[in-house]
Structures are given as C-alpha cells and as structure tokens.
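Chemist: Got a structure for you, written out below as structure tokens; questions coming shortly.
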DNA sequence: GATAATGCCTAAGTTTCTTATGTATATTTG
DNA sequence: CAAATATACATAAGAAACTTAGGCATTATC
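Protein chains in written order, with the working numbering: chain A, 1 to 114; chain B, 1001 to 1114.
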C-alpha cells in the first residue's frame, strides 16, 4: 500500500476478503480502484502487494478464480469460497479486536467502539 | 507481539511512544507489563520485538536512556526527547488516519470516528 | 532447593510490504 | 494518427517489523 503507514502491514488480506464478501466477484485491478475510490484517493494499493496476496489466498483455498476474456484482454475474477467466507468473518473480528485493544492502550480521542 | 494478529505490525513503535508520553520514564520490562495490564492480558509484547524497537528509537534520537542500579540489578529507563515527543504526536495522527481509512473501506459495525 | 518472576539481550527465520520492472492491449488526447 | 494514459496481468529484490528461540543474571516465592 502506498501513502505508507507502517501500521498498515497485514491489513491488505482483510481488505481483499471484505471487498469480495460484498461484491461476489472482483478482479485485481478493480480492487485497486475500489480502495482508491473508498478512501477518496488517500490509499493506493500497489500491484506488487495485491497480486501476490491474491495468489496466496487462492493457494490457501480462500478464493476461486474464473478467467474471462474481454475482447483480447483477459481478466481474472476472484470470488470467495466457503472457507474464504469464514475467514472473512474471522479477520473482521480480529480487526475489531485489534481496534479495541489499541484503544485501551492509546485512548485515541474521537474514537468510540461499542 | 503475541496473540498474533498480523495487522499489528508497525503499531509497536506508536505504543511505546504513547506510553512514554504519559509516564515520563519507563523501562522495557515495565512496558511489557503495562501493555498486558491495559489489555487485560490480551496482548503480550515480546521482548524480541520490544528491545530492538527501543534501541532503534534511541538511535534515532527519539528516546534517551538513564541506567539505574537497583541493588545488583540494572534498569534502563527510557524517556522521550523533544524529537520523540513530536514523533508521538505524528504517529498518533497517522494511527487515527489509518483507523479512518480502514473504516471507510471495511465499515466495521460498532466503530465510530469523529 | 526448585520454580517463577524480574530484567536485560541477540540471532535466525518469516511475513508482508515497497520499489522497480516487464509485457500487452485499449482508450483518450493533442 | 501518434503519443500518452489507462487497463490488466505478473515477478523479483530488498526493507521493515515481527516471531521464535535462545542466552545470562538476579530476586522472590513455594
């Protein structure tokens, strides 16, 4: 991810899974655009991080791929498997827990977690 | 950090700086206990992560050290320099921004940032 | 007297990024 | 219509921040 924040490490997987849980299927380039759009241009996922991440999730059985030919250009659409769906739930819970623990330690003003 | 959450990577520095900004001076072992206490035992900073992190912050001029002899045992007390104090403010702002961007992407229920 | 707690440390290995490329096609713009 | 930008995939080298696994010494507790 650019606009680098060392804090960010490890959150890319969660982002990918969550976006796929909301969209049925997405291709890599689309994910990079979606993140840029959702963060109003503040974050830009690098392809050097994203593609290896997608390949790893696929190898782990979290994602399945269908290749689609758009004219002469190929797209690789990714979608969640059942295992990937469970993992998404788990990752989201972990992230919320991370936020909670961080808030206990740091007491960030303006942040509320219930 | 144990209870490993890959997300956590990069947040240790911020935690150390923030705790020191609230305590004037702390020693390494004390920091590990404080984090455990604040998170009700959920997080346990590993010494293999903490000590190198403290050394790095010292080398960067963020922290200064005074060694104190407690009987036969030595403690290394760390405290923020002026530079470290500025860095703390910066890191905390970055962390809040990270939370905000993550919330834009993930929309975690129960989380509010103003 | 043994075990756990206190207190410091380092080194090897892993994971997850960034940065820098590479390849190719499609679209927009001057 | 040529050049630049956008779309779309990919990999490889290196950096950063961890985990795991040790090591050493002192003090308190059972």
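Every residue, glycine too, gets a C-beta built ideally from N, C-alpha and C.
1) In three-state terms, what does DSSP make of residue 1044/B?
2) With DSSP as the reference, identify every bridge partner of residue 1075/B, one or two as the case may be.
3) Is the CB-CB distance between residue 79/A and residue 64/A below 7 Å?
4) Residues of chain B with a CB under 7 Å from the CB of residue 119/A: which are they?
5) Given 8 Å as the limit, is there contact between the stretch 1036-1049 of chain B and the stretch 1078-1097 of chain B, that is, 3 or more CB pairs closer than that?
6) To the nearest angstrom, how far is it from the Cα of residue 1103/B to the Cα of residue 48/A?
7) Here's the rule: buried if 16 or more other CB atoms are within 10 angstroms of the residue's CB, otherwise exposed. What is residue 1062/B?
8) Output needed in chain order: residues of the stretch 1035-1067 of chain B with a Cβ under 9 Å from some Cβ in chain A.
9) Please confirm if residue 110/A has its CB atom under 7 Å from at least one CB of chain B.
10) Taking only beta-carbon positions, decide if residue 1106/B is within less than 7 Å of chain A.
11) Closer than 7 Å, CB to CB, is residue 15/A near chain B or not?
12) Taking the Cβ atom as the reference point for each residue, do residue 100/A and residue 108/A lie within a distance shorter than 7 Å?
13) Taking DSSP's pairing of strands, which residues face residue 1112/B in a bridge?
14) With a CB to CB cut of under 6 Å and the five nearest residues on each side skipped, what residues in its chain are close to residue 1076/B?
15) Leaving out the 5 sequence neighbours to the left and right, which residues in its chain are closer than 7 Å to residue 87/A when beta-carbon positions are compared?
16) What residues of chain B sit near residue 86/A, judged by a beta carbon separation below 9 Å?
17) In angstroms, rounded to a whole number, what distance separates the CA positions of residue 1058/B and residue 10/A?
18) Using CA coordinates, which residue listed in 1083/B, 1050/B, 1111/B and 1029/B is at the minimum distance from residue 1074/B?
19) Using a Cβ-Cβ cut-off of 8 Å (strictly less than) and excluding sequence neighbours within five positions of residue 1097/B, which residues of its own chain qualify?
20) Nearest chain A C-beta to residue 1090/B closer than 7 Å, yes or no?
21) Identify, in the order they occur along the chain, each residue of the same chain with its Cβ nearer than 6 Å to the Cβ of residue 14/A, setting aside the five sequence neighbours on each side.
Modeler: With the given structure in hand:
1) coil
2) 1068/B
3) yes
4) What is shown of chain A runs 1 to 114, which leaves residue 119/A out entirely.
5) no
6) 24 Å
7) buried
8) 1035, 1038, 1039, 1040, 1042 and 1043
9) yes
10) yes
11) yes
12) no
13) 112/A
14) 1027, 1065 and 1067
15) 17 and 62
16) Correct list: empty, because the minimum Cβ distance to chain B is about 17 Å.
17) 26 Å
18) 1029/B
19) none
20) no
21) 91 and 95
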